[in-house]
Structure formats: C-alpha cells, structure tokens
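Asks: Note that the sequence shown covers residues -12 to 410 in our numbering. For reference, the structure I am asking about is given below.
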Amino acid sequence: MKDFVIKGHLVDSESPDRLRCLENGYLVVTDGLCRGVFPALPERWASLPLADFGDRLVVPGMCDLHVHAGQFAFRGLGMDLELLEWLDTYTFPEEAKFKDLAYAELVYDAFVSVLRRSCTTRASIFATIHPEATLLLMEKLEASGLRTLVGKVNMDRNCPDPVREPDVATALRTTEDWICAALSRFQHTRPILTPRFIPTCSDALMEGLKGLQRKYGLPTQSHLSENYGEIAWVRELSPDADHYGDAYDRFGMFGGDHRCIMAHCVHSGDEELELIRRNGVFIAHSPESNMNIASGVAPISRYLAMGLRVGLATDLAGGSQESMLRAMMHAIQASKLRWRLLDERVAPLTAAQAFWLATAGGGEFFGKVGRFLEGYEFDALVFDDSALLHAIPLDLPSRLERLIYLGDDRNLCAKYVAGQRLF
Ligand code: GUN
Ligand code: FE
C-alpha cells in the first residue's frame, strides 16, 4: 500500500459536540493508517507524494449504520403507510423478488454503484433472506472498495411464504453455509447476523442464531422500538420480556459479548436505554425513515448526553436517500420539530453533533474509524464547495454546515477508504 500526504482544509470531530478544524493542514497516511494532522509537514515525511487539495475540505468518511440493499428498487416510493402495513404491502413483496438472481443482479448493481459514488465509506447492510443473492451483493461490494458488513436476513414467522425460512433447521443450515462462503470469499465485506426483528423471528430461530454468533464470533444487527404498533405486538409476542430490548437480550442477541447495532430506538424507555448502555449496543439513528413511515423522532441529543453509542443511518428504503449529507440534515431538522412540538428539555442537534454521528459515532462500530487521529484507518472525503456560491468568505464550520444542507455527490471530488483512493 502506498504512503502519501494530503494537504487541504481538514475537519473532523474532537468530541460529539465540537469540530476540530485545521486550515491548510497536512495529513500523513502510512499503511492505510492516519499518522495525525499537522499545521506544517514534519521533515521525516517530506519525501512522500503529496495530494494537494487546495481550498477543498477534507473530512472523515461517513458510515451508514443501517441500510437495506434489498429495498433499493422502491426508494422514494410507498411512503403512505406505517411500519407493519408498509412491510406487508411494499417491502415483503419486493424482497421476495431476490429469489431471482437476474433481478438481484440488476438491483444490486445499481445499489453498489450509487453507494460507491456517495459519501458512504462503510456501511452495515441488510440484504434479503436469499443466500445466493446476498453473496452476489457481497461480491459487488467487495469489488467496490467499500468496507461493509452484510446480513442475510433471517425470519421464520409472521411473514408471507416467499420471504419466510421453511423451518428453523433449514434456516440455520442455510445461514451457516452463507457465513462460511462469505468468510472464505471476501476480505472487506463481512457477514453480520441479521434477525429481521422480534415479530418475524421465533424463539428457536433466535436460539439457533445465538449459536452461530458464538461459533463464528459475528456481530449482529436488528430493529428496535421503532413504531407503536410494532412495540405493542412485541409485548404480546414476548410477554415475559421486561421490554423490547430484553426480548433480544434473553437470547444473547443484544450486544454485551459481541458488537450489535439496533436501528431506530425511537421509543425506547429508561430500562431499555440502560441495557443499551450496559451492553454497548450501537443505536442506528434513521431520521428520514422515522419521518417517512411516521414512526416518530428519537431524542438523540439525550442519548449522546447519556454517553450512548449512536451513529447515523439512511435506512433505505424507509429513507429515500442514500446521502449521508441529507441524513445529517434530516437529523437536525427532525430534532428541532421534536424539541418545539414534543419536549423542550431535549435540545435540538447541532451541525457538529450530526457530523459526529455520521463519522466518529458510527465509525466506532468498525474499529478505529471516523476521525483523523493517529492509528485510525484513513477513510476520507474531499469536498469542492466552490459551486455553492456565497457572497462572503466563510469559515470551515460554516462551509461544512452548508454542505450538510446544500451539498451532494457532485461536490464530492475524491474518496478514500482505508488508505485506498476510490476516485
Ligand atoms: N422493521 C423490520 N423490518 C424493517 C424494515 O425493513 N425497515 C424498517 N424501517 N423497519 C423494519
Ligand atoms: Fe431498517
């Protein structure tokens, strides 16, 4: 791997609340790792090749902590229903189509090319229940240069036949075969265990998945406390559980001994939040999806103040956009309406906090990722905002804030993942 130096306006997060900005700074990359940022280039690296990005902004790559590749074909459509009806009406029929590999080829090709061109450098992705189509998606992601976790979805109850595992034994065998194939074939596209959510996963399936989690040391991902109807249903399905999170935890599928992402957590109560904190579960905040299917708005500044691990997510196709810039904008806007209309004790998110969620907050799930600190993997985006005309000179925090609202992939002129330049 080539070592190099980047020069430009460097912006990353110092903390969830504070940006760290360095104008005309130097960033040294060796073996794919960041060696730190410097106001002047230290002599010992003076001979490395220099990529001079001039007046452009260089920020850490963004991590989409929750996105459904199998829903890409209906993004921006079918936003007229709440979660449970939305799943039955649009989502399950769409996901059933991935039994057909020719269909999967078409959709996953489009999904991966859009993701590669986007601000996302890492992602945790749901495929569908189909192992062959999931491996096809993983093949395309591996070739893209992105670093991802991908889950073959598991579900064996309360869903139509075409998206239901025939029985638990078959589900576990198919899932284990998929895990082994993925582990042997891909280096940067890794399997993540993916029980869809409690309503579609029997106790026996959850127990079996825990066995696979332990055997292969895998991370897990699922959905939690997204919608009122869903939460009431889980209460009926798991009457002995203290809360929705406990319905996962009693199977050992809620972090603690492994890395775990729970999407949404819009309506989590205090006990559930305490377990999330204790088990180090990552919350994938998906603001646009939570607005589109009318789930609500999660109190994210409260979660940050509690020291919970929170990242940002698009949740395609509950969300319509793959853009993490738009996800930051939606997180800020949703938090303001929540503050004004629901609870003025939970402050709206700032641009610096939204940026933390998109970079360092979600990045931590992938290791030393999401900041320009020594020893961190070098994932970076270079933005040219010169086309976003402004009448007066702006400082770096203002330029970043404008990109959140006005920027898109056309402003993204270079992208690095783990030290490798994708474009
Ligand atoms: N809960 C269970 N499945 C899904 C899904 O596909 N999308 C969302 N937003 N929530 C879910
Ligand atoms: Fe989701």
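For every residue, glycine included, the Cβ atom is placed at its ideal position computed from N, Cα and C.
Comparing C-alpha positions only, which one of 352, 278, 294 and 150 sits nearest to residue 319?
Replies: Comparing Cα-Cα distances from residue 319 to each of 352, 278, 294 and 150, the minimum goes to 278.
Asks: Any heavy atom of the ligand GUN within a distance shorter than 7 Å of the CB on residue 183?
Replies: Yes; taking the cut-off as 7 Å, the Cβ of residue 183 has a heavy atom of the ligand GUN nearer than that.
Asks: If you draw a straight line from the C-alpha of residue 337 to the C-alpha of residue 345, how long is it?
Replies: Cα-Cα distance, rounded: 13 Å.
Asks: Can you give me the start and stop residues for the beta strand (DSSP E) that residue 90 sits inside?
Replies: Per DSSP, residue 90 belongs to no beta strand (DSSP E); it is in the alpha helix (DSSP H), 88 to 104.
Asks: If residue 101 and residue 275 are in contact, beta carbons under 8 Å, what's the gap, nearest whole angstrom?
Replies: That pair is no contact at about 16 Å.
Asks: So, residue 411 versus residue 123, is the Cβ gap smaller than 8 Å?
Replies: The displayed coordinates of the chain run from -12 to 410. Any statement about residue 411 would go beyond what the structure contains.
Asks: Thinking residue 43 and residue -5 are a contact (beta carbons under 8 Å), I'd like their distance in whole angstroms, please.
Replies: Contact holds; Cβ gap of about 5 Å.
Asks: Mapping DSSP to helix, strand and coil, what is residue 399?
Replies: In this structure, residue 399 counts as strand in the three-state DSSP scheme.
Asks: Which same chain residues end up closer than 6 Å to residue 147 when comparing Cβ atoms and leaving out the 5 residues on each side of it in sequence?
Replies: So the qualifying residues of the chain are 79.
Asks: Return yes when the C-beta of residue 302 is under 7 Å from any heavy atom of the ligand FE, and no when it is not.
Replies: True, at least one ligand heavy atom lies under 7 Å from that Cβ.
Asks: Would residue 116 and residue 137 qualify as a contact pair, given that the criterion is a beta-carbon distance under 8 Å?
Replies: Cβ atoms of residue 116 and residue 137: not closer than 8 Å.
Asks: Which residue from 159, -9, 152 and 97 puts its Cα closest to that of residue 127?
Replies: It is 97.
Asks: Does the segment 59 to 70 come into contact with the segment 315 to 331, if we say contact requires no fewer than three beta-carbon pairs (one atom in each stretch) closer than 8 Å?
Replies: No: the two stretches stay apart, fewer than three of their Cβ pairs being nearer than 8 Å.
Asks: Classify residue 400 as buried or exposed, calling it buried when 16 or more other Cβ atoms lie within 10 Å of its own Cβ.
Replies: Answer is exposed; the Cβ neighbour count stays below 16.
Asks: Distance, Cα to Cα, residue 178 vs residue 379?
Replies: Spanning the two alpha carbons is a distance of roughly 48 Å.
Asks: Whole angstroms are fine: how far does the CA of residue 290 sit from the CA of residue 334?
Replies: Spanning the two alpha carbons is a distance of roughly 11 Å.
Asks: Quick check: what's the CA-CA separation for residue 184 versus residue 231?
Replies: So the two alpha carbons sit approximately 10 Å from each other.
Asks: Looking at the unbroken alpha helix (DSSP H) that takes in residue 287, where does it start and where does it end?
Replies: Counting along the chain, the alpha helix (DSSP H) containing residue 287 begins and ends at 287 to 292.
Asks: Among -8, 7, -9 and 28, which has the Cα closest to the Cα of residue 343?
Replies: The residue with the shortest Cα to Cα distance from residue 343 is 7.
Asks: Could you name the residues that DSSP lists as bridge partners for residue 266?
Replies: In the DSSP output, where bridge partners are listed per residue, residue 266 has none listed.
Asks: Hey, would you say the C-beta of residue 239 is under 7 Å away from at least one heavy atom of the ligand FE?
Replies: No, the Cβ of residue 239 stays beyond 7 Å of every heavy atom of the ligand FE.
Asks: So residue 125 and residue 60 are in contact, right, with Cβ under 8 Å, and what is the actual spacing, rounded?
Replies: Not confirmed; about 18 Å, so no contact.
Asks: Going by the C-beta, is residue 78 closer than 7 Å to any heavy atom of the ligand GUN?
Replies: Residue 78 Cβ: within cutoff of the ligand GUN.
Asks: Between the Cα of residue 71 and those of 256, 243, 212 and 173, spot the shortest distance and give me the residue it belongs to.
Replies: Checked all of 256, 243, 212 and 173; the closest Cα to residue 71 is 212.
Asks: Across which residues does DSSP place residue 252 in a beta bridge pair?
Replies: None; residue 252 has no bridge partner.
Asks: What's the call for residue 376, buried or exposed, on a 16-neighbour Cβ count within 10 Å?
Replies: Under this definition residue 376 is an exposed residue.
Asks: For residue 284, which residues does DSSP report across the bridge?
Replies: For residue 284, which the question treats as bridged, DSSP gives no partner whatsoever.
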